[in-house]
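In what follows, a structure is listed as structure tokens, so that the remarks can point back to it.
Protein chains: 2
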Amino acid sequence: MREYADRILMHTAVRGSQVDRNKTPISPVLGIVIAAGLAYSFATSTRSVLAEAPNESPTKERLIRLEEVHEHNRTADTYWVFRGDSVYDITDWVPNHPGGEVILRAVGGSLEPYWNIFTIHQKQDVYDILEQYFIGKIDPRDLVDGKAPTGQVEDPFKSDPKRDAALIQHSTRPCNSETPESELGSYITPIEKFYVRNHLWVPDVHDADSHRLTVELYDGEEVEYTVADLRKKFKEYSITATLQCSGNRRSHMTQASRPTTGLQWGVGAISTATWTGVRLRDVLADAGLDVQDPDEDIKHLKFVGAEAYGASIPIDKAIDRHGDVLLVYSMNGQPLPRDHGFPLRALVPGHVAARSVKWLNKIVVSDEESSSQWQRRDYKCFGPNVGASHPDWDAAPAIQETPVQSAITAVRQVKADRLKDSGLARVYGLEEDSVVLEGYAFAGGGRHIVRVDISPDRGRTWMQAQLQEDGAKMGASGSPDDHRAWAWRQWRAVVPATQISGKFCVKATDDSYNVQPDTFEPTYNFRGNLANAWHRVLVSRDDKPVEGQLGK
Amino acid sequence: MREYADRILMHTAVRGSQVDRNKTPISPVLGIVIAAGLAYSFATSTRSVLAEAPNESPTKERLIRLEEVHEHNRTADTYWVFRGDSVYDITDWVPNHPGGEVILRAVGGSLEPYWNIFTIHQKQDVYDILEQYFIGKIDPRDLVDGKAPTGQVEDPFKSDPKRDAALIQHSTRPCNSETPESELGSYITPIEKFYVRNHLWVPDVHDADSHRLTVELYDGEEVEYTVADLRKKFKEYSITATLQCSGNRRSHMTQASRPTTGLQWGVGAISTATWTGVRLRDVLADAGLDVQDPDEDIKHLKFVGAEAYGASIPIDKAIDRHGDVLLVYSMNGQPLPRDHGFPLRALVPGHVAARSVKWLNKIVVSDEESSSQWQRRDYKCFGPNVGASHPDWDAAPAIQETPVQSAITAVRQVKADRLKDSGLARVYGLEEDSVVLEGYAFAGGGRHIVRVDISPDRGRTWMQAQLQEDGAKMGASGSPDDHRAWAWRQWRAVVPATQISGKFCVKATDDSYNVQPDTFEPTYNFRGNLANAWHRVLVSRDDKPVEGQLGK
Numbered sequence: 012m013r014e015y016a017d018r019i020l021m022h023t024a025v026r027g028s029q030v031d032r033n034k035t036p037i038s039p040v041l042g043i044v045i046a047a048g049l050a051y052s053f054a055t056s057t058r059s060v061l062a063e064a065p066n067e068s069p070t071k072e073r074l075i076r077l078e079e080v081h082e083h084n085r086t087a088d089t090y091w092v093f094r095g096d097s098v099y100d101i102t103d104w105v106p107n108h109p110g111g112e113v114i115l116r117a118v119g120g121s122l123e124p125y126w127n128i129f130t131i132h133q134k135q136d137v138y139d140i141l142e143q144y145f146i147g148k149i150d151p152r153d154l155v156d157g158k159a160p161t162g163q164v165e166d167p168f169k170s171d172p173k174r175d176a177a178l179i180q181h182s183t184r185p186c187n188s189e190t191p192e193s194e195l196g197s198y199i200t201p202i203e204k205f206y207v208r209n210h211l212w213v214p215d216v217h218d219a220d221s222h223r224l225t226v227e228l229y230d231g232e233e234v235e236y237t238v239a240d241l242r243k244k245f246k247e248y249s250i251t252a253t254l255q256c257s258g259n260r261r262s263h264m265t266q267a268s269r270p271t272t273g274l275q276w277g278v279g280a281i282s283t284a285t286w287t288g289v290r291l292r293d294v295l296a297d298a299g300l301d302v303q304d305p306d307e308d309i310k311h312l313k314f315v316g317a318e319a320y321g322a323s324i325p326i327d328k329a330i331d332r333h334g335d336v337l338l339v340y341s342m343n344g345q346p347l348p349r350d351h352g353f354p355l356r357a358l359v360p361g362h363v364a365a366r367s368v369k370w371l372n373k374i375v376v377s378d379e380e381s382s383s384q385w386q387r388r389d390y391k392c393f394g395p396n397v398g399a400s401h402p403d404w405d406a407a408p409a410i411q412e413t414p415v416q417s418a419i420t421a422v423r424q425v426k427a428d429r430l431k432d433s434g435l436a437r438v439y440g441l442e443e444d445s446v447v448l449e450g451y452a453f454a455g456g457g458r459h460i461v462r463v464d465i466s467p468d469r470g471r472t473w474m475q476a477q478l479q480e481d482g483a484k485m486g487a488s489g490s491p492d493d494h495r496a497w498a499w500r501q502w503r504a505v506v507p508a509t510q511i512s513g514k515f516c517v518k519a520t521d522d523s524y525n526v527q528p529d530t531f532e533p534t535y536n537f538r539g540n541l542a543n544a545w546h547r548v549l550v551s552r553d554d555k556p557v558e559g560q561l562g563k
Numbered sequence: 012m013r014e015y016a017d018r019i020l021m022h023t024a025v026r027g028s029q030v031d032r033n034k035t036p037i038s039p040v041l042g043i044v045i046a047a048g049l050a051y052s053f054a055t056s057t058r059s060v061l062a063e064a065p066n067e068s069p070t071k072e073r074l075i076r077l078e079e080v081h082e083h084n085r086t087a088d089t090y091w092v093f094r095g096d097s098v099y100d101i102t103d104w105v106p107n108h109p110g111g112e113v114i115l116r117a118v119g120g121s122l123e124p125y126w127n128i129f130t131i132h133q134k135q136d137v138y139d140i141l142e143q144y145f146i147g148k149i150d151p152r153d154l155v156d157g158k159a160p161t162g163q164v165e166d167p168f169k170s171d172p173k174r175d176a177a178l179i180q181h182s183t184r185p186c187n188s189e190t191p192e193s194e195l196g197s198y199i200t201p202i203e204k205f206y207v208r209n210h211l212w213v214p215d216v217h218d219a220d221s222h223r224l225t226v227e228l229y230d231g232e233e234v235e236y237t238v239a240d241l242r243k244k245f246k247e248y249s250i251t252a253t254l255q256c257s258g259n260r261r262s263h264m265t266q267a268s269r270p271t272t273g274l275q276w277g278v279g280a281i282s283t284a285t286w287t288g289v290r291l292r293d294v295l296a297d298a299g300l301d302v303q304d305p306d307e308d309i310k311h312l313k314f315v316g317a318e319a320y321g322a323s324i325p326i327d328k329a330i331d332r333h334g335d336v337l338l339v340y341s342m343n344g345q346p347l348p349r350d351h352g353f354p355l356r357a358l359v360p361g362h363v364a365a366r367s368v369k370w371l372n373k374i375v376v377s378d379e380e381s382s383s384q385w386q387r388r389d390y391k392c393f394g395p396n397v398g399a400s401h402p403d404w405d406a407a408p409a410i411q412e413t414p415v416q417s418a419i420t421a422v423r424q425v426k427a428d429r430l431k432d433s434g435l436a437r438v439y440g441l442e443e444d445s446v447v448l449e450g451y452a453f454a455g456g457g458r459h460i461v462r463v464d465i466s467p468d469r470g471r472t473w474m475q476a477q478l479q480e481d482g483a484k485m486g487a488s489g490s491p492d493d494h495r496a497w498a499w500r501q502w503r504a505v506v507p508a509t510q511i512s513g514k515f516c517v518k519a520t521d522d523s524y525n526v527q528p529d530t531f532e533p534t535y536n537f538r539g540n541l542a543n544a545w546h547r548v549l550v551s552r553d554d555k556p557v558e559g560q561l562g563k
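Here the protein sequences come in this chain order: A and B. Heads up: the first sequence begins at 12 in our numbering, then just goes up one per residue. Heads up: the second sequence begins at 12 in our numbering, then just goes up one per residue.
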């Protein structure tokens, strides 16, 4: 069990039947939807897993009536839970809970139905933490068949929205679906084709205008704004920005190197939209933060979502007048859709999408990072030699800005006669059978893409792809700044079929002249984050279908 | 001649006898010291090269007395020069001169002595430009033996300072010398061991306090400060920052890939100092620039040095309150040495050193980049397929922030018994014959180094080097900001000799998780700029000397 728990601790998600390099088959018991960041098993029964629990204290315990546990719910000053027939006062643990305040769903009752949803907890490390808060046993008078009744909990995913059938689904609870290649050629991704990366369920907010955002200043003072307040009080900005999951192209790393934990995204965990909202900087200034010269102890800005997801960004980014961090209520001119954060989300351009917290209801000015697992664990990279079993999580910084990336999203063989018909022959001066390649390139931190290099012969020779128009400039009406590149550049290359020899490669260069690494193994990390080695695709010379998948 | 001129245009500098892939031997005629950026031949005679000049106009020309030419000197409204017996009014060319205002040295007289110093001009492209400004011939009454007397010019390098003998000299006129490996282990590079990268001579400024800096605002208004004014009027800051030439490790690219133009630096075109001065932002604000919200047409800040070197940085960097751009008058607690910009230089941390203009005497707030060749030509990177003959210079942006870099600077075999004696056995838990490696890692843009990976077996397996203490935090007393990493991190690794198989490799990762490319060829650029593929060094298992050079 210990070994199994350790593997769950790593949020193992693999395609097929292998969990790690030991090739232990994954247990089928939990019937799992495993997601990067959290492993879920939404079991409809509340089947006990107590047989695996640690031995309980042999000393004489305090007996506690179930009714008293129920009183220590989220409205109380102290929070109690029970597991089996043991009762715990977890008040002191709540602020340290890696998953944030979602833990308050369970207080006043049994942990078990929740741990059957959030199966990540079913491991010795968590049992050990829990035992520190043991305060007594359920009074035997309240036991039924020798067990405390765990009750039922509502399926938090039951009100999730329907998704477009064209999305490539990696998990449903939570929803994680990537944009299909056919939609990645659009500069602005249509809303319903925008990739969905949820860590939990979609909160069910009914009234956008009355949704409240609480800003907690460094001295603890809180200022509240409804979404209606934000719209009314602050200048509105629109920014075209690309969001990219840290797991984009993870499947490429897995295929080229070794198994990685997390969802096996292809090239489509990335999309672009025009986002409209108000500047975080302006809201913070209004709430009372000195955005010109904040207290030097202030280092981070935390975001909390309504579903209890949490993350943070450096305060410098939050208040940078060219940082363009927005509180967004509109996407591509439409009200923000539920999957993308309705009614309010953060938009942290240039940073990994995990910092653009959705369903935003709290902002905290702080001297420390968010304590969530999404800040302190999942979104980090270690060396290729660091295994998943016991990494020193604190040794690596949380991913914020992302490295330069590119991918091939379309490969089409075009016969000479069709080339002429399409006008491409004239544009490119080609009269022979050719291959048309298309894709995107994107760098974090607002860095521009300065060049996309394409090789038709596995990296032996190179040529430059044609960068397509920078749609962000057209789309970002009212953008506070056009110095930074917050959105991808799409590119196209037309290559004579005779030049093709082996795999096509693409690599991009950003304006710090950072480049993508040649291969995956030297940047392998067990979480499979930031997989940005050259994208290689096998293309046949004739018009046979492309060999090798672009996506998954 | 045309072919030769083209090669000079590319500022060709190669070791040995090969100029380019055509293997044409370099002409010995000019007895050359060729430097990246400018090719010089300081000939003591004023030998004419007019045999190569274009045909002169066959039409009847205006005859001009030599005295009249002399009157059109740098104090006049219009600038005339002569070459052979042709006279040119170059007034309109001066602002477009890639080498900046150094051209004013020649006005009122003959170009020839200067073109014998700055031999880059001896090519058809330049002759063609000059002919556009032809206005007449020297009156035959002023010719001596059929030629106009060219006069003598003073050797501008004659007052250059003496340099430390330990520096590795790449050229003397101008001085370009790298820091020896033995000095790269020092966190703060001693002043006399700090690498020297001069593009021209060292200006001879005698009185530091009375040296004037002119700040030209966007409306053309000028404000002057003496260095004494700067010291008196503005708050003083000290910052520990690493400067790195864009050519650092160029020789590695050349060896691994193909010939590159420019000085063939090893690992030592990089050094670190603690710089003291005033913030550019504060000076600009005092001069009248709205540094909170400058006119949106303002995009760049130009620097001009007393020797006429020029470069620019984006205005955002210049006014960023965390950008830490300083006007420096002190280095490691000493007055700025002559080779490093006495009495005043710019320090643009996180950017390529070519932007930290020395002997600073003018700053210009502008809507465009510096027009100098060092901004618009030399310091750029093109694709591996782009040849040196006719690149589209405007297609690549000027290098500003630099990509992540690392190098091995020391390799020592240590026998087990010496390991014990040194205490390293205890520190590293090693009791066998081992190899100790040391080096540096550095990223541009203020990005921190988060990890240095070392491979003892040519990249097959990896381990993490130990990052040495971040000396910048100790050194940067009074630093306005400690969020950005402006200085290198040094590292050390101790590896059992038995693990060694093939070349040692090192690569670093910055906090945007950008990494160095695996190999050189895919980032080859004919200028050999930003050579940052993994550094590979062949180390023998026993205590034989290291095979393969670290430096050149």
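Built from N, CA and C at the ideal position, the CB exists for glycine as well. A quick note: this is a predicted structure, and the numbers were derived from the prediction, not measured.
Pair within 7 Å by beta-carbon distance, residue i and residue j
{"i": "Val-80(B)", "j": "Val-118(B)", "result": "no"}
{"i": "His-222(A)", "j": "Val-238(A)", "result": "yes"}
{"i": "Pro-325(A)", "j": "Asn-525(B)", "result": "no"}
{"i": "Ser-448(B)", "j": "Ile-419(B)", "result": "The amino acid occupying residue 448(B) in the given sequence is Leu; Ser does not appear at that position. Yes, the pair counts as a contact, with Cβ atoms nearer than the cut-off."}
{"i": "Gly-321(A)", "j": "Lys-328(A)", "result": "no"}
{"i": "Ala-452(B)", "j": "Arg-500(B)", "result": "yes"}
{"i": "Trp-286(B)", "j": "Ile-250(B)", "result": "yes"}
{"i": "Leu-254(A)", "j": "Ala-364(A)", "result": "yes"}
{"i": "Glu-412(A)", "j": "His-459(A)", "result": "no"}
{"i": "Pro-528(A)", "j": "Glu-443(A)", "result": "no"}
Start-to-end residues for the alpha helix (DSSP H) that takes in residue i
{"i": "Ser-262(A)", "result": "261-267"}
{"i": "Lys-328(A)", "result": "326-330"}
Environment of residue i [buried if 16+ CB atoms lie within 10 Å]
{"i": "Gly-231(A)", "result": "exposed"}
{"i": "His-351(A)", "result": "buried"}
{"i": "Asp-166(A)", "result": "exposed"}
{"i": "Gly-344(A)", "result": "exposed"}
Span of the beta strand (DSSP E) around residue i
{"i": "Pro-467(A)", "result": "Per DSSP, Pro-467(A) belongs to no beta strand (DSSP E) and is neither H nor E."}
{"i": "Val-92(A)", "result": "91-94"}
Straight-line Cα distance separating residue j from residue i
{"i": "Ala-544(A)", "j": "Asp-389(B)", "result": "29 Å"}
{"i": "His-401(B)", "j": "Phe-393(B)", "result": "12 Å"}
{"i": "His-83(A)", "j": "Trp-104(A)", "result": "14 Å"}
{"i": "Glu-112(A)", "j": "Asn-540(B)", "result": "51 Å"}
{"i": "Ser-379(B)", "j": "Asp-308(B)", "result": "Sequence inspection shows Glu at residue 379(B); the Ser mentioned does not correspond to that position. If you take the alpha carbons of Glu-379(B) and Asp-308(B), they lie about 9 Å apart."}
{"i": "Asn-107(A)", "j": "Ile-140(A)", "result": "11 Å"}
{"i": "Thr-472(A)", "j": "Ser-197(A)", "result": "29 Å"}
{"i": "Ala-159(B)", "j": "Arg-184(B)", "result": "28 Å"}
{"i": "Ser-121(A)", "j": "Arg-94(A)", "result": "6 Å"}
In chain order, each alpha helix (DSSP H) run of at least 4 residues that lies wholly inside the region 127-161 of chain B: 135-142
Entirely enclosed beta strand (DSSP E) segments - the region 218-243 of chain B, minimum 3 residues: 223-227 and 233-237
Taking the runs of the alpha helix (DSSP H) that are 4 residues or longer, which of them lie wholly in the region 359-444 of chain A? Within the region 359-444 of chain A, the complete alpha helix (DSSP H) segments at least 4 residues long are 384-387, 427-433 and 435-439, listed from N- to C-terminus.
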